[in-house]
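To start, the structure under review is shown below, and the notes come after it.
Residue numbers (mature numbering (1 follows the signal peptide of the UniProt record, and there is no 0)): -23 to -1, 1 to 668.
Below, the structure written as structure tokens:
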């Protein structure tokens, strides 16, 4: 018998790869594949791949479609096969390739209600008669026609819907009241007041005879007929006759169904495996969340209540809320706990509150006004007897308070530094700040073993940053290293932590900058100081000097900006906007951090995104005239401000810029190359399936 099976399998392969595969049989495979029949999809892939390898352009195109659509959804492979089909001379492959690489643009030449889809070269993909477009999950496009020509384009009373395939051809004329998404090879559509189903070729597979329908799942779809729900197969045959007041789609061979205003669970034969006794019921992983008399519980497919770890008096939960992936908070008698999707109790519902600590690997628990800790495996690590627990973990330690004194526990809940300190700060770089001797005590630093490394002699301290910590002695601030050595003597009114190689310092009422040697980079002379730095030092600084704003370079040297200009803001950490004029009318420009002019201050406004500076100018004659241009700051491509409007079709760096000249709109790339001449009334945002 085994030999016969092998011979039959071999014979099947010969037929599949013989090149004599009939079109009808191929169409059957396509439909079976669209119905999510995996073996059919694999056979199709093999057939198309063999033919594509022999440079059959149509097969390469079909192979691209297989990879573009669900369940594969591999855009890289799809593009490769579309490109091969195009290179082999198949013109329509260009449409598919353009759609994936750049997308389509809804465009209208006249009416705001009559759009066509065009590619980035301005070629029409569809007729100009649609008011809206939306992708379905199989790559097809739902189109809308607004029959009343009103502004209420989403009003279902005014809209009719149809479907375009990936070539922009109508497979379903827009005459339907509603269209659902693609599910298991079929699309639910509503005509007049009845629902039916079409396939991806636009053929009506199931007539319009239902009052309501759901998506196909597990090969069945819920449908409503004569006020009752039943389930049909993909031929439109009732597998479960209409008998329910409500029904869900099937999931793992079960569906939810209601009778007499109560919900239960049915199998694929329509038999109630859980009688309809619940006020509400929902799928919950492999189980079901049920509500009965405003209480929530969980059952399995046998109806067994899965609450073995809960006291019988608490047979139902008062509330269930998602805590994290597959973890849920439960509330019982005003107390909170945790369960997983398998309904295992992770934390008994006895806490007033709980919350994640730092990165979520620990959980802070609260009962009344006391706190404790559980780990990521929901093991309670400590007694619930702390006055306070910090929400941060640094160097593997957490600050905790008990009986008014502070100490540290490790991530296992063990007290490693006793609670003997008046106050503490978080550990940084192996050292933690502690305060001794009451309210007016002094600060020092301990290591992770609790050993005093730097004596508690300072009035105030800050955490270590860049291996230095700010300390206050006799009212003045300086910096010490990890050995407690004073490397920058106390002399400042206030300081900021080191960031990179620099730190802000306040002398009397003036701010400046120092380096790690204590050398002045920027003299304390400013009422306000903002700066950016990195490991190798200062990048830029912005300061207020009297009533003037100045900018400094990485050496602390004031960037020479002609006095006729007013410096405003640092943009993208690389440019400074400048302006001339007064409060009533200013013109803006752009310089780099060396003071070089990038854009002369002739613009009413400059907006920078992803290295593109959109420019706006205003000219005044008999009336105000506003024009727009842009500069690509990456490659210096410049588009003179001569357009009536500009904006990005997408904020992605590789997308395009829409421009308006007069009353017409066109498209250009980010180098100013015109892709579509200004001939359209409007261009909408780019539509791209792969976004």
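Even for Gly, the Cβ is constructed at its ideal location relative to N, Cα and C. Here the structure is a predicted model, which means the values were calculated and not measured.
Contact with chain D by residue i, beta-carbon distance below 9 Å
i: residue 639; result: Looking for chain D here will not work: only one protein chain is present.
CB contact flag (residue i, residue j, <9 Å)
i: residue 22; j: residue 3; result: no
i: residue 456; j: residue 430; result: no
i: residue 332; j: residue 340; result: yes
i: residue 81; j: residue 94; result: yes
i: residue 382; j: residue 359; result: no
i: residue 479; j: residue 505; result: no
i: residue 425; j: residue 393; result: yes
i: residue 357; j: residue 376; result: no
i: residue 226; j: residue 197; result: yes
i: residue 515; j: residue 497; result: no
i: residue 349; j: residue 363; result: yes
i: residue 398; j: residue 407; result: no
i: residue 554; j: residue 526; result: no
i: residue 211; j: residue 162; result: yes
i: residue 614; j: residue 592; result: no
i: residue 264; j: residue 276; result: yes
DSSP bridge partner residues for residue i (one or two, in chain order)
i: residue 543; result: 556
i: residue 601; result: 597
i: residue 260; result: 265
i: residue 421; result: 411
i: residue 606; result: 592
i: residue 159; result: 164
i: residue 119; result: 111, 140
i: residue 393; result: DSSP output for residue 393 lists no bridge partner at all.
Where residue i falls, given that 16 or more other Cβ within 10 Å makes a residue buried
i: residue 184; result: exposed
i: residue 200; result: buried
i: residue 651; result: exposed
i: residue 597; result: exposed
i: residue 178; result: exposed
i: residue 486; result: exposed
i: residue 386; result: buried
i: residue 561; result: exposed
i: residue 695; result: No answer is possible for residue 695: the residues shown for the chain start at -23 and end at 668.
i: residue 16; result: exposed
i: residue 46; result: buried
i: residue 296; result: exposed
i: residue 228; result: exposed
i: residue 369; result: exposed
i: residue 285; result: With a pLDDT of 43 at residue 285, under the threshold of 50, the modelled position of this residue cannot be trusted, and the question is left open.
i: residue 648; result: exposed
i: residue 139; result: buried
i: residue 414; result: exposed
i: residue 53; result: exposed
Per-residue DSSP class, three states only, for residue i
i: residue 624; result: strand
i: residue 410; result: strand
i: residue 511; result: strand
i: residue 41; result: helix
i: residue 318; result: coil
i: residue 368; result: coil
i: residue 648; result: coil
i: residue 24; result: helix
i: residue 4; result: helix
i: residue 657; result: strand
i: residue 30; result: helix
i: residue 206; result: strand
i: residue 103; result: coil
i: residue 441; result: coil
i: residue 436; result: coil
i: residue 76; result: helix
i: residue 224; result: strand
i: residue 680; result: A query on residue 680 cannot be resolved here, the shown segment of the chain reaching from -23 to 668 and no further.
i: residue 189; result: strand
For residue j and residue i, believed in contact at Cβ under 8 Å, the rounded distance
i: residue 654; j: residue 643; result: 5 Å
i: residue 59; j: residue 39; result: With 8 Å as the limit, residue 59 and residue 39 do not qualify as a contact, their Cβ atoms being about 10 Å apart.
i: residue 493; j: residue 475; result: 7 Å
i: residue 733; j: residue 172; result: Only positions -23 to 668 of the chain appear in this structure, which leaves residue 733 out of reach.
i: residue 469; j: residue 488; result: With a Cβ gap of about 10 Å, residue 469 and residue 488 do not count as contacting.
i: residue 219; j: residue 203; result: 6 Å
i: residue 355; j: residue 315; result: 6 Å
i: residue 235; j: residue 222; result: 5 Å
i: residue 338; j: residue 388; result: 7 Å
i: residue 621; j: residue 604; result: 7 Å
heavy atom of the ligand COA below 8 Å from residue i C-beta
i: residue 577; result: With respect to small molecules bound, the structure shown includes none, and the ligand COA cannot be examined in it.
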